[in-house]
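Accompanying notes for the structure given below.
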Amino acid sequence: MLEIYFTKQKRTIEAKEGETIREAAIKGKISIYPHVFKILNCRGRGHCHSCAIEIVSGTTNPKNEIENQQLTKKLIKKPNLRLACQVRVSDNMVIKTHV
Ligand code: FES
Numbered sequence: 003m004l005e006i007y008f009t010k011q012k013r014t015i016e017a018k019e020g021e022t023i024r025e026a027a028i029k030g031k032i033s034i035y036p037h038v039f040k041i042l043n044c045r046g047r048g049h050c051h052s053c054a055i056e057i058v059s060g061t062t063n064p065k066n067e068i069e070n071q072q073l074t075k076k077l078i079k080k081p082n083l084r085l086a087c088q089v090r091v092s093d094n095m096v097i098k099t100h101v
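Given below as structure tokens:
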């Protein structure tokens with residue numbers, strides 16, 4: 003089991019290698035979505051970019067095409083941004099949500 007620490011929530015959850023950060027957060031009862039996007043999100047399909055997170059530490063799979071398309075403008079200011087529904091857990095991580 004791997005661990006993910008969420009800085010805003012000040013909580014650590016366990017995650018299985020290979021699952022997405024979104025899946026791990028839902029299991030750990032941590033909301034990665036801001037405001038109305040808790041209800042209105044694409045359910046992990048990579049279309050809404052409401053699950054944007056900042057990777058503070060931990061190695062991940064490289065950004066995929068969906069992330070590069072969805073985060074183009076935001077990536078200029080914050081290059082560590084990722085979509086929680088697209089990042090596979092492969093290491094212990096520290097994550098900032100609602101960015
Ligand atoms: S949940 Fe919509 S892009 Fe991740």
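For what it's worth, my numbering labels the leading residue of the sequence shown as 3, then goes sequentially.
Ideal Cβ placement from N, Cα and C applies to all residues, glycine included.
Per-residue DSSP class, three states only, for residue i
i, result
"L77", "helix"
"R47", "coil"
"E56", "strand"
"V101", "coil"
"V89", "coil"
Delimiting residues of the beta strand (DSSP E) encompassing residue i
i, result
"I6", "L4 to F8"
"K98", "M95 to K98"
"A17", "R13 to A17"
"R84", "L83 to L85"
Beta-carbon spacing of residue i, residue j below 8 Å
i, j, result
"I55", "I34", "yes"
"T9", "K76", "no"
"V89", "I15", "no"
"N82", "I57", "yes"
Terminal residues of the alpha helix (DSSP H) in which residue i lies
i, result
"Q72", "E67 to Q72"
"I28", "I23 to K29"
Nearest-angstrom beta carbon gap, residue j and residue i [assumed within contact, 8 Å]
i, j, result
"I68", "G48", "4 Å"
"G20", "V96", "In fact, because the Cβ distance is near 19 Å, the residues do not count as touching under 8 Å."
"P36", "S52", "7 Å"
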